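Undergrad: Under numbering that gives the first Met the number 0, read the sequence shown as residues 0 to 199, first letter to last. Just so you know, even glycine gets a beta-carbon here, dropped at the ideal spot from N, CA and C. Treat the numbers as computed from the prediction; the structure is a model and nothing was measured.
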Amino acid sequence: MRILTLVAVLLASSVHAAAAANFRIQPGKPNLVRFVSKAPLETFEGKTTEVQGQVALDPAALGDSIDAVVEVDLASLDTGLSLRNKHMRENHLETKKFPKAIFRGGKISELSRPNLEAGQKTTFVLAGTFALHGVEKPLNVPIELSPEPVEGSSGLRITARFSVALADFKISRPSFLVMQLQEVQQVIVELVATSAAPGP
Numbered sequence: 000m001r002i003l004t005l006v007a008v009l010l011a012s013s014v015h016a017a018a019a020a021n022f023r024i025q026p027g028k029p030n031l032v033r034f035v036s037k038a039p040l041e042t043f044e045g046k047t048t049e050v051q052g053q054v055a056l057d058p059a060a061l062g063d064s065i066d067a068v069v070e071v072d073l074a075s076l077d078t079g080l081s082l083r084n085k086h087m088r089e090n091h092l093e094t095k096k097f098p099k100a101i102f103r104g105g106k107i108s109e110l111s112r113p114n115l116e117a118g119q120k121t122t123f124v125l126a127g128t129f130a131l132h133g134v135e136k137p138l139n140v141p142i143e144l145s146p147e148p149v150e151g152s153s154g155l156r157i158t159a160r161f162s163v164a165l166a167d168f169k170i171s172r173p174s175f176l177v178m179q180l181q182e183v184q185q186v187i188v189e190l191v192a193t194s195a196a197p198g199p
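#1: When the Cα atoms are used, what is the spatial distance from LYS106 to ASP63?
#2: For the candidate residues ALA55, ALA60, LEU80, whose alpha-carbon lies nearest to that of VAL68?
#3: Drop a sphere of 10 angstroms on the beta-carbon of GLU70, count the other beta-carbons inside from all chains shown, and report buried for 16 or more, exposed for fewer.
#4: At the level of alpha carbons, what is the spacing between LEU31 and THR94?
#5: Beta carbon of HIS91, beta carbon of ILE170: below 7 Å?
#6: Can you tell me which of SER194, ASP72, ILE101, ALA166 puts its alpha carbon nearest to the alpha carbon of PRO146?
#7: Taking a contact to mean a Cβ-Cβ separation below 7 Å, would you say GLU182 touches THR158 in this structure?
#8: Among residues of its own chain, excluding the 5 on either side of SER153, which ones have a beta-carbon nearer than 6 Å to its beta-carbon?
#9: Run through the stretch 115–149 for me and flag every whole alpha helix (DSSP H) of 4 or more residues, listed as ranges in chain order.
#10: So which of GLU44, HIS132, VAL124 has the shortest CA-CA distance to PHE97?
#11: How far does the beta strand (DSSP E) with SER171 in it extend, from its first residue to its last?
#12: So which of ARG156, ARG160, GLN184, LEU155 has the shortest CA-CA distance to PHE168?
#13: Candidates THR122, THR78, VAL50: which alpha carbon is nearest GLU41's?
#14: Straight-line CA distance for PHE22 to GLU150?
#15: Please report the residue range of the beta strand (DSSP E) in which LEU190 lies.
#16: Which ranges would you report for the beta strand (DSSP E) in the stretch 22–62 if only whole runs of at least 3 residues count?
#17: Return the CA-CA distance between GLN25 and GLY52, expressed in angstroms with no decimal places.
#18: Exposed or buried, which one is THR259 when buried takes at least 16 other CB atoms within 10 Å?
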C-alpha cells in the first residue's frame, strides 16, 4: 500500500511538472521598468528596458504559487539628465557595488481566477523577496497577468506596481536641486514574457 501511495504521489507530481509552462523575459523593448519621483519642485522618472528574468507557472491551474525571477540593471536607469544619472548611480544606488535589483516570487494570494484565459486579465498579489542596494526585504507585489501571442508563440503580458521606501534599503535620500526625491518611490513594471523551453 505504501508503495502504491508513493507511486501515485510521484505520478501526480510529474503531471503537474509537465503542465508547468516556462516563460522568459529578455532585455530590451517592450519591457520597461520605471520609478516615479515626486518632489516639491519637480517630478521626474527613471526608466530602463534592461530587465530580464523567467516565470514558471501552470496556465490551467495557477494554484497558490509560481516561480518568478526578475532582474533589473540599475546602471542603465535613465532620468533624462546625465548629471542626475551620475549622482543617482554613483552616490545613492552605488551601481558598481550593487549592479542589480532582483525580485524573487512567490506565494500567490487574492487570485481573481484559477487559470489564464485569452483576452482575460488575471490579478493576484505575489509575495517574494526584493534585493536592492545590498539589502533583501519581503515584498508583496500586485500583479496583472494576461496571456497573449508573441511572435507566433505563447506569451504573457505582466504589469506590476509597488512602492519602495529608500530607508528600507539603506539608500541615502538626495536633497540637492538636481535630484530631489521623496522618501517613497513608486515603481511600475511592464513586461512581456515569451514561452521558453524548460531548463535542465
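TA: So, from the data block:
#1: Taking the first residue of the sequence shown as position 1, residue 106 is located at position 107. Taking the first residue of the sequence shown as position 1, residue 63 is located at position 64. The alpha-carbon atoms of LYS106 and ASP63 are separated by roughly 6 Å.
#2: Indexing the sequence shown from 1 puts residue 68 at position 69. When each option's Cα is compared against that of VAL68, the closest is ALA55.
#3: To locate residue 70, count along the sequence shown from 1; it is residue 71. Classification for GLU70: buried.
#4: Stepping through the sequence shown from its first residue, residue 31 is reached at position 32. Stepping through the sequence shown from its first residue, residue 94 is reached at position 95. One C-alpha to the other measures close to 19 Å.
#5: As a working mapping, residue 91 is identified with position 92 in the sequence shown. As a working mapping, residue 170 is identified with position 171 in the sequence shown. Closer than 7 Å, so yes.
#6: As a working mapping, residue 146 is identified with position 147 in the sequence shown. Considering only alpha carbons, the answer is SER194.
#7: Counting from one through the sequence shown, the residue named residue 182 turns up at place 183. Counting from one through the sequence shown, the residue named residue 158 turns up at place 159. In this structure, GLU182 lies away from THR158, with their beta-carbon atoms at least 7 Å apart.
#8: Locating residue 153 in the sequence shown gives position 154, counting from the first residue. Excluding residues within five positions, the ones whose Cβ falls inside 6 Å are SER194.
#9: none
#10: For the purposes of this step, residue 97 is taken as the residue at position 98 of the sequence shown. Here the closest residue by C-alpha is HIS132.
#11: In the sequence shown, the residue the question calls residue 171 occupies position 172. Looking at the DSSP string, SER171 is not in any beta strand (DSSP E), and its letter there is neither H nor E.
#12: On the sequence shown, residue 168 is found 169 positions in, with the first residue counted as 1. It is GLN184 whose Cα lies nearest to the Cα of PHE168.
#13: Within the sequence shown, numbered from 1, the residue matching residue 41 stands at position 42. Looking at the Cα atoms, THR78 is the closest of the given residues.
#14: The sequence position of residue 22 within the sequence shown is 23, counting from 1. The sequence position of residue 150 within the sequence shown is 151, counting from 1. Rounded to whole angstroms, PHE22 to GLU150 spans 13 Å at the Cα level.
#15: Locating residue 190 in the sequence shown gives position 191, where the first residue counts as 1. That run of the beta strand (DSSP E) goes 183–195.
#16: 31–37, 42–47, 50–56
#17: Locating residue 25 in the sequence shown gives position 26, where the first residue counts as 1. Locating residue 52 in the sequence shown gives position 53, where the first residue counts as 1. Cα to Cα, GLN25 sits roughly 7 Å from GLY52.
#18: In the structure displayed, the chain extends from 0 to 199; residue 259 sits before or after that span and is not available.
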